[in-house]
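Peer 1: full-length UniProt numbering puts the first residue of the sequence shown at 1, with every later residue one more than the last.
Let me begin by handing over the structure; questions about it come next.
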Amino acid sequence: MRLKTYIVSTMAEAIPMIKRDLGEDALILNTKKIKTGGFLGLFKKNKLEVTAAIDPGAAKKRKQIEEVEAEPPTDLDVQQDTSADLINELKNIKQFMVHQIKQESLPKELQVVKERLTQQEVSADVQEKLIEKLMTRDESETAPATENTWQVAREKLISMIVENQTHSTAENPRITCFIGPTGVGKTTTIAKIAASHTLNSDKKVGLITADTYRIAAVEQLKTYGGILNIPVQVIESSADLTKAIEDFEDCDIILIDTAGRNYQQTEYVEELKNLLPADSNVQVHLVLSLTAKYEDMKRIIDNFQSISTNELLLTKKDETGSSGAILNLICHYDIPIRYIANGQNVPDDLLALTPELVADFVMGEENHA
1 MRLKTYIVST MAEAIPMIKR DLGEDALILN TKKIKTGGFL GLFKKNKLEV
51 TAAIDPGAAK KRKQIEEVEA EPPTDLDVQQ DTSADLINEL KNIKQFMVHQ
101 IKQESLPKEL QVVKERLTQQ EVSADVQEKL IEKLMTRDES ETAPATENTW
151 QVAREKLISM IVENQTHSTA ENPRITCFIG PTGVGKTTTI AKIAASHTLN
201 SDKKVGLITA DTYRIAAVEQ LKTYGGILNI PVQVIESSAD LTKAIEDFED
251 CDIILIDTAG RNYQQTEYVE ELKNLLPADS NVQVHLVLSL TAKYEDMKRI
301 IDNFQSISTN ELLLTKKDET GSSGAILNLI CHYDIPIRYI ANGQNVPDDL
351 LALTPELVAD FVMGEENHA
């Protein structure tokens, strides 16, 4: 058995070195922390002593297996499949061990941060980026005496959001169409935006609804329009929409409500595409509920790809204790997020998204103050 020892800062640094020197079949036998001094007065900075090994006999056996796999099918196919399954199983075990070692090698303070990120359902790759930022702070940085791990994590998270956040190219679009699945709160959110423009900016607003599938939706929007003294038009076709926009030519802002439907039905997406006038200046905002699973959010975004989505709008923040999806969307998609809705009150429960707000949601304002 061939042994080799590495002194590194993180396991992520050690893995490619081990693969380069010992190959894909190498196993990590031991990791040991080596103290190398303080970590900017925050916590002790550790180096890792990583011992890895390769058994030439095992490597030779694997090569033989690969040669057998390359040969034409024989009566040994069952044995071949079993060997391949065993190799895959060993790979999975190895990946799990690497993950566990990386987790255990974190300072206790960072383990607490990682646990919070996991609790908030932050994706593993996003967690890794933030932890790496914390572990590789610039040695020239100085920290206030009162600084603690939680404060540093929040600051680094804000920095990461700023780096990844996509900003809207249209600061105040004149015409906006809101689309999305059922039950995400499109109509109420439109009312909040309309009220904000009317009461805070003294803008003249016009409302258009294409949600003729629900009588209540039309009546709800008309009620809001009556309260805010805003005109409302009901449409059923692209021609109707074009005419309604022309009728509202004296309006500063035009907001269009659409029917919520099953996003997995491709015909619904086609209906929306056909509704929007060609060569129009209509901005499309996709409304998603934060109570949905992140994987479902990704599927919704993917299914609406044929419609050029200009922005995302997130609702129902008040109905979930998990905010990781907000951070995941910022890091995974180049689509701006303008607003987060966090309640039913019109117009109050509508927040402009900022890096600081997202950091507070994810890290928790009340935690480790």
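Glycine included, C-beta positions come from ideal geometry on N, C-alpha and C.
Run the CB neighbour count on K32, radius 10 Å, all protein chains shown included, and call it buried at 16 or more, exposed below.
Peer 2: With fewer than 16 Cβ atoms within 10 Å of its Cβ, K32 is classed as exposed.
Peer 1: Can you tell me which of A84, I87, G23, W150 puts its alpha carbon nearest to the alpha carbon of K108?
Peer 2: Checked all of A84, I87, G23, W150; the closest Cα to K108 is W150.
Peer 1: From I190, I253, E24, pick the residue whose C-alpha is nearest to that of K204; which is it?
Peer 2: The shortest Cα separation from K204 among I190, I253, E24 belongs to I253.
Peer 1: State the Cα-Cα distance for the pair A278 and V269, rounded to the nearest angstrom.
Peer 2: Distance between the alpha carbons of A278 and V269 is about 15 Å.
Peer 1: With DSSP collapsed to three states, give me the class of I307.
Peer 2: Correct three-state label for I307: coil.
Peer 1: Taking V112 and V50 to be in contact with their CB atoms under 8 Å, please state how far apart those CB atoms are, rounded to whole angstroms.
Peer 2: Going by Cβ atoms, the distance from V112 to V50 rounds to 24 Å, so no, they are not a contact pair.
Peer 1: Can you tell me the Cα-Cα spacing of I337 and S323, whole angstroms?
Peer 2: Cα to Cα, I337 sits roughly 14 Å from S323.
Peer 1: Taking 8 Å as the cut-off, does the segment 163 to 173 touch the segment 223 to 236 (at least 3 CB pairs, one atom from each stretch)?
Peer 2: No: the two stretches stay apart, fewer than three of their Cβ pairs being nearer than 8 Å.
Peer 1: Looking only at C-alpha atoms, which of A52, T10, A12 sits nearest to D25?
Peer 2: Of the candidates A52, T10, A12, the one whose C-alpha sits nearest the C-alpha of D25 is A52.
Peer 1: Along the chain, where does the alpha helix (DSSP H) containing F361 start, and where does it finish?
Peer 2: F361 -> alpha helix (DSSP H) spans 355 to 363.
Peer 1: What residue from G364, V126, T136, T315 has the CA that sits closest to A352's CA?
Peer 2: That would be T315, whose Cα lies nearest to the Cα of A352.
Peer 1: Does the distance from the CB of V234 to the CB of I208 come in under 9 Å?
Peer 2: Yes, these two residues count as a Cβ contact at 9 Å.
Peer 1: For P16, count neighbouring C-beta atoms within 10 Å of its own C-beta (all shown protein chains included) and say buried if the count is 16 or more, exposed if not.
Peer 2: When all chains shown are included, P16 counts as exposed.
Peer 1: Using the DSSP secondary-structure output, state which residues sit across from P181 in a beta bridge.
Peer 2: Bridge partners of P181: R261.
Peer 1: Looking only at DSSP bridge pairs, what is L255 linked to?
Peer 2: DSSP, once it has assigned bridges, lists T176, L207 as partnering L255.
Peer 1: Can you tell me the Cβ-Cβ gap for V287 and G180, rounded? I've got them flagged as a contact below 8 Å.
Peer 2: With a Cβ gap of about 4 Å, V287 and G180 count as contacting.
Peer 1: Counting along the chain, where does the alpha helix (DSSP H) carrying Q119 start and finish?
Peer 2: Q119 -> alpha helix (DSSP H) spans 108 to 119.
Peer 1: Quick one: what's got a C-beta closer than 6 Å to residue 428's C-beta in the same chain, skipping five residues either side?
Peer 2: The shown model of the chain, from 1 to 369, leaves out residue 428, and the question about it has no answer.
Peer 1: By a C-beta neighbour count over all protein chains shown, 10 Å radius and 16 as the cutoff for buried, is residue 374 buried or exposed?
Peer 2: Absent from the structure is residue 374, since the part of the chain shown begins at 1 and ends at 369.
Peer 1: State the CB to CB distance for the pair N310 and V346, rounded to an integer number of angstroms; the pair is presumed to be in contact (CB under 8 Å).
Peer 2: 23 Å between Cβ atoms; not a contact.
Peer 1: Using the Cβ count rule (16 or more neighbours within 10 Å means buried), how would you classify K114?
Peer 2: By the neighbour-count rule (16 or more Cβ atoms within 10 Å), K114 is buried.
Peer 1: With the cut-off set at 9 Å, would you say P355 and I158 are in Cβ contact?
Peer 2: Going by C-beta atoms, P355 is nearer than 9 Å to I158.
Peer 1: Do you know offhand how far P144's Cα is from T291's?
Peer 2: With a pLDDT of 39 at P144, under the threshold of 50, the modelled position of this residue cannot be trusted, and the question is left open.
Peer 1: Taking the C-alpha atoms as reference points, what is the distance between S289 and K317?
Peer 2: About 8 Å.
Peer 1: Could you spell out the range, first to last residue, of the alpha helix (DSSP H) harbouring V269?
Peer 2: Segment 266 to 275, the alpha helix (DSSP H) holding V269.
Peer 1: Quick one: grab the DSSP three-state call for I285.
Peer 2: Looking at the sequence provided, one finds His at residue 285 rather than Ile. DSSP places H285 in strand when its eight states are reduced to three.
Peer 1: Comparing alpha-carbon positions, which option in L272, E155, D202 lies nearest Q305?
Peer 2: Residue L272 is the option with its Cα nearest to Q305.
Peer 1: Terminal residues of the continuous beta strand (DSSP E) containing A124?
Peer 2: Careful: A124 lies outside any beta strand (DSSP E), inside the alpha helix (DSSP H) at 124 to 135.
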